[in-house]
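Colleague: This is the structure I have questions about; it appears just below.
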Amino acid sequence: MEIGDLRKVLMSACLRGKKVRYDGGTLVVADQIVERWRLEGRIVSVCPEVEAGMSIPRPPAEIFNGSGESVLNGEVDVIEKEGGKVTNEFLAGASIALSLCHKFDISVAVLADFSPSCGSSSIYDGSFSGQKVPGMGVTAALLREHGVLVFNQYEIAEADKALIGESV
Ligand code: SF4
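Using this note's numbering, you'd call the opening residue of the sequence shown number 761 and step up by one each time.
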């Protein structure tokens, strides 16, 4: 088995040091497991929002009165702080992330928590007041709907177990 044949893991690009966040920043995760994944060639990075054509920087956006599942169901929207509706961009970004999972046969993802795209345990509540509520972002919800195990940046060891548990 060649190193390049090892099971891959999808990661939020901002966690890999890419300056793709809405404010042009990053959220680098310095972790030995992630470094091993990098050396093993396992990591596929994606920023769903940028892949969907959103700019860097861009206005902050939050899911208004709902979560990723309700956005996928068409019940609520993703709204920028200034009021612009960016639901379609968030849905497009989620689809791109799912396509990557299909392309690389990925079933484990580590996504940045609290984001309206990548959050997997909590997201901001739509009031732009810094208040978090339990819930998922749009990309995390779509991936989970399709059977991908989604972890956040505080659950890397758990993600590694899931990855290794799939054998190579
Ligand atoms: S959409 Fe995801 S990958 Fe892109 S900046 Fe936000 S949390 Fe990071």
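Beta carbons: idealized from backbone N, C-alpha and C, even for Gly.
Quantities reported herein were computed from a predicted structural model and do not represent experimental measurements.
Quick one: is the Cβ of Glu809 within less than 6 Å of any heavy atom of the ligand SF4?
Modeller: yes
Colleague: Hey, how far is the Cα of Val928 from the Cα of Ser887?
Modeller: Residue confidence is low: Val928 scores 44 on pLDDT, short of 50, so the model does not pin down where it sits. No coordinate-derived value is stated.
Colleague: Let me check understanding here. Comparing Cα to Cα, which of Leu799, Ser882, Gly897, Ala872 lies closest to Gln891?
Modeller: Ser882
Colleague: Taking the alpha carbon of Phe850 as the point to measure from, which residue in Gly879, Val868, Gly784, Ala790 has its own alpha carbon closest?
Modeller: Gly879
Colleague: What are the partner residues of Met929, as DSSP defines its beta bridges?
Modeller: The structure shown has nothing for residue 929, since the chain only spans 761 to 928.
Colleague: Please report how far the alpha carbon of Pro817 lies from the alpha carbon of Ile793, in whole angstroms.
Modeller: C-alpha separation (whole angstroms): 30 Å.
Colleague: Tell me the start and end of each unbroken alpha helix (DSSP H) in the segment 807 to 855 that is at least 4 residues and wholly inside, in chain order.
Modeller: 808 to 811, 828 to 832
Colleague: What I want to know is whether the C-beta of Ala872 ends up closer than 6 Å to one or more non-hydrogen atoms of the ligand SF4.
Modeller: yes
Colleague: Leu909 by DSSP, collapsed to three states: which one?
Modeller: strand
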